[in-house]
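Peer 1: The structure under discussion is supplied below as structure tokens; questions concerning it will follow.
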Amino acid sequence: MADPLTLPRSTRSLATVLLASLVAVIVGLLPATHAHAAPNVQQIEAQIDQLWNQLEPLVEQYNGVHYQLSQNLAKQAALEKQLGPLQMQVDLSMTRVGALSARLYESGPGSNIAALLSAGSPENLLNEMTTLNEMARQQQSQISATRDQVDAYNKQKAPLDALIAQQRQQDADLAAKKTQIQAQMDQLQKLRTQAYGASGTAPGGSLKPVACPVTYIGGAAGKAIGYACAHIGAPYVWATAGPGTFDCSGLTEAAWASAGFSLAHFTVTQKQETIRVSFADLRPGDLVFYFSDVHHVAIYAGGGWVVHAPHPGDRVRMAKMSEIGSINSYGRVRGS
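Residue numbers (the working numbering): 5 to 340.
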């Protein structure tokens with residue numbers, strides 16, 4: 005079999021587009037209302053594919069922001085765990101300083117005079133003054149130590165504050181992206197309903213036209229591809245990773261999680277988390293990344309077949325690896 009990476013393919017615009025440009029695309033894709041024949045199923049399917057190739061990068065951007073947010077939340081929890089004991093140390097030091105200050109206050113500014121009157125001898129006076137000076141030195145030392153602890157606390161707290169601010173911005177970005185994506189999803193489903201009727205689901209061929217996996221492999225890779233094969237037929241739902249619905253990176257994440265390996269729910273990060281392999285070395289369980297911006301991923305099943313979650317209105321299915329789109333690269337999960 006020839007390497008699909010070497011085969012010529014038509015190129016598509018893969019850059020993530022802003023909402024305004026996406027709306028313009030959708031308007032252009034909608035069937036004309038004047039005296040033209042209604043587009044047939046094949047034409048509408050081509051329109052759906054065109055729109056989806058522009059929409060899926062936005063879906064993966066959402067997944068990427070969500071993944072980064074989950075990582076930041078984990079860092080925040082770890083930092084708060086470190087700050088807890090440090091705050092207790094600061095509170096304890098302040099309590100000790102307060103107690104020492106109270107003792108010195110009780111001695112008062114007139115204590116040296118009182119000591120002189122009551123000492124009875126220069127030697128006793130010297131001893132009492134030495135004690136007061138030592139208490140003052142201890143106070144200054146304790147205050148200095150406490151200030152150092154407070155500084156250490158603030159140095160660790162500053163990144164946490166910045167992290168929280170970043171997360172708030174990410175929350176706003178997520179909300180904006182979700183609104184954009186949902187609007188596009190609704191339009192896409194309208195196109196599918198126009199093409200296929202009320203169900204909005206393509207009636208096309210078998211979800212599993214050949215055995216899955218095509219070739220047997222054991223170990224973790226076997227578990228991963230076995231999971232993907234077992235979930236053929238599950239509906240595509242964006243930003244989900246099982247157990248009943250998946251998007252493309254959610255399927256590969258869940259498949260490898262079943263084998264004990266952690267992958268991000270984001271195609272670009274999944275590529276970074278895997279080792280590059282050649283077409284000749286490809287084996288079931290490896291990941292196949294598509295398009296120049298890596299906005300789609302599938303899991304290899306052997307024999308030139310993959311399992312993937314295609315797009316809204318479709319289901320997890322097998323497909324010929326070379327027929328999905330332009331292949332970017334192949335990846336093997338580290339340690340598998």
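We put the beta carbon where it would ideally sit given N, CA and C, even for glycine.
Check whether the Cβ atoms of Ala305 and Cys216 sit closer than 9 angstroms, and answer yes or no.
Peer 2: Residue 305 sits at position 301 when you count from the first residue of the sequence shown. Residue 216 sits at position 212 when you count from the first residue of the sequence shown. A contact, by the Cβ cut-off of 9 angstroms.
Peer 1: Could you give the C-beta distance for His300 and Thr271, rounded to a whole number, given that I count them as a contact under 8 angstroms?
Peer 2: Along the sequence shown, read from residue 1 onward, the residue named residue 300 stands at position 296. Along the sequence shown, read from residue 1 onward, the residue named residue 271 stands at position 267. The Cβ separation is near 7 angstroms, so the contact holds.
Peer 1: Round the Cβ separation of Tyr240 and Asp318 to the nearest angstrom and send it over; I've been treating them as touching at under 8 angstroms.
Peer 2: Reading the sequence shown from its first residue, position 236 is the one you call residue 240. Reading the sequence shown from its first residue, position 314 is the one you call residue 318. Rounded, the Cβ-Cβ distance is 5 angstroms, consistent with contact.
Peer 1: Is the beta carbon of Lys182 sitting closer than 9 angstroms to the one on Leu87?
Peer 2: Here residue 182 corresponds to residue number 178 of the sequence shown, with the count starting at 1. Here residue 87 corresponds to residue number 83 of the sequence shown, with the count starting at 1. Cβ distance not < 9 angstroms, so Lys182 and Leu87 don't count as in contact.
Peer 1: Whether or not the segment 249-265 and the segment 223-237 are in contact is what I'm after, with contact meaning three or more pairs of Cβ atoms, one per stretch, closer than 8 angstroms; do they touch?
Peer 2: Judged by Cβ distances under 8 angstroms, the segment 223-237 makes contact with the segment 249-265, as three or more pairs qualify.
Peer 1: Which residues in the same chain as Leu83 place their Cβ atom closer than 8 angstroms to its Cβ, once the five residues preceding and following it in sequence are excluded?
Peer 2: Stepping through the sequence shown from its first residue, residue 83 is reached at position 79. These residues qualify, in order along the chain: Gln160, Pro163, Leu164, Leu167.
Peer 1: Are Lys227 and Ala263 closer than 9 angstroms when you measure CB to CB?
Peer 2: The sequence position of residue 227 within the sequence shown is 223, counting from 1. The sequence position of residue 263 within the sequence shown is 259, counting from 1. For Lys227 and Ala263, yes; Cβs fall inside 9 angstroms.
Peer 1: Is the separation between the beta-carbon of Ser74 and that of Gln153 shorter than 9 angstroms?
Peer 2: The count along the sequence shown starts at 1 and reaches residue 74 at position 70. The count along the sequence shown starts at 1 and reaches residue 153 at position 149. No.
Peer 1: Do you know offhand how far Leu195's Cα is from Ile185's?
Peer 2: Working through the sequence shown from its first residue, we reach residue 195 at position 191. Working through the sequence shown from its first residue, we reach residue 185 at position 181. Taking the straight line joining both Cα atoms gives about 15 angstroms.
Peer 1: Count the other CB atoms within 10 Å of the CB of Tyr220; is the residue buried (16 or more) or exposed (fewer)?
Peer 2: In the sequence shown, counting from the first residue as 1, residue 220 sits at position 216. Looking at its Cβ environment, which holds fewer than 16 other Cβ atoms inside 10 Å, Tyr220 is exposed.
Peer 1: Using the C-alpha atoms, what's the distance from Arg336 back to Val4?
Peer 2: Since the first residue shown for the chain is 5 and the last is 340, residue 4 is missing from the structure and cannot be characterised.
Peer 1: Can you give me the C-alpha to C-alpha distance between Asn44 and Ile303, rounded to a whole angstrom?
Peer 2: Here residue 44 refers to the residue found at position 40 when the sequence shown is read from its first residue. Here residue 303 refers to the residue found at position 299 when the sequence shown is read from its first residue. The straight-line gap from Cα to Cα measures roughly 32 angstroms.
Peer 1: Whose CA, out of Val311, Trp242, Ala225, Gly246, lies closest to the CA of Val63?
Peer 2: Here the question's residue 63 lines up with position 59 in the sequence shown. Cα-wise, what sits closest to Val63 is Trp242.
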